[in-house]
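Encoded as structure tokens, the structure appears first; notes follow it.
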Amino acid sequence: MENNRKTIIAGNWKMNKTTTEAVELIDALIPAVADAQCEVVICTPFTALATAVEKTRGTNIHVGAQNVHFEQSGAFTGEISAEMLVDLGVEYVITGHSERRQYFAETDETVNKRTLAALNAGLKVLVCVGENLEQREQGVTEELVRLQTKIALQGVTKEQLPQVVIAYEPVWAIGTGKTATSDQAQEVCGCIRQLLGELYGEDTAQTVTIQYGGSMNPANAEELLGKPDVDGGLIGGASLKADAFASIVAAASR
Ligand code: PEP
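FYI, the numbering for the sequence shown is 1 to 254, going by full-length UniProt numbering.
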């Protein structure tokens, strides 16, 4: 079924690329994705954001951060506020990435607080949800993803929802080379859309971009993106090479 949702391919560079390396990658990406028929986002480390904003000005590449703190300012050593990101010219931010949940004690509640702070500052937010292997094997994937999504969106208004993208990222597929089958991706993305319908109404739910993330690459992107509720991808490893990332963008543009 045709829809009017924006297809978004976002690269999550994680803790990779010095500023010098970021310049090289962006220089290669600009011509490689210039003809994209989808939105292209790169989420760089904090240290490369200012350079990325500067280098991509006037191109079709949008810049995002990988995390944001929920307070506006104060004694939070090492943290970065939403206002600081906006001030740099950053447009997107990722919240709730599984690596932050796993290694930095991120909880559904803090994901919600970060999401609200980012939206209130005018950022667009890529909210990550997804089950781990044990949860999938226990058969609780849908309940778990519904719960994560529902808590992440507590207090997010219908008016703010167009600034929200949900990224379904099964933890067992991230950085492992194990991709969810396109049917598995569709099943969970469809279930997220159903929840959005319950929370915001069916018409609104139909407008929200839902991405799949987890070892998406040039070989599997087209099939995953062909599913009706998969509106884009959050790409880790394959976003670090211009040709691989551009191939995924091309697949999303078809
Ligand atoms: C990610 O970091 O969000 C991700 C999906 O990583 P990878 O593509 O490497 O699995």
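Even for Gly, the Cβ is constructed at its ideal location relative to N, Cα and C.
Query	Result
Local Cβ density within 10 Å of Val-156, reported as buried at 16 or more and exposed below that	buried
Proximity of Trp-13 and Thr-51 at Cβ, strictly below 9 Å	no
From Ala-32, Gln-148, Ala-36 and Lys-178, residue whose alpha carbon lies closest to that of Thr-7	Ala-36
Euclidean distance between Cα positions of Pro-162 and Gly-197	14 Å
Straight-line Cα distance separating Lys-17 from Val-145	31 Å
Closer than 8 Å: Met-216 CB and nearest the ligand PEP heavy atom	yes
Straight-line gap, Ala-218 to Ala-250 (C-alpha atoms, nearest Å)	Sequence check: residue 218 is Pro here, not Ala. Approximately 9 Å, taken between the alpha carbons.
Continuous beta strand (DSSP E) assignments of at least 3 residues falling wholly in the stretch 12 to 44	39 to 43
Val-40 versus Thr-56: straight-line alpha-carbon distance, rounded	11 Å
Distance between Phe-70 and Asp-87 (C-alpha atoms, nearest Å)	16 Å
Helix, strand or coil at Ile-241 [DSSP, three-state]	Position check: residue 241 holds Lys in this sequence, whereas Ile was assumed. Coil at Lys-241, not helix or strand.
Minimum C-alpha distance to Gly-237 - residue among Val-230, Ala-246, Asp-231 and Thr-115	Ala-246
Beta carbon of Glu-131 nearer than 9 Å to that of Trp-172	yes
Asn-112 classed as buried or exposed, judged by whether at least 16 other C-beta atoms fall within 10 angstroms	buried
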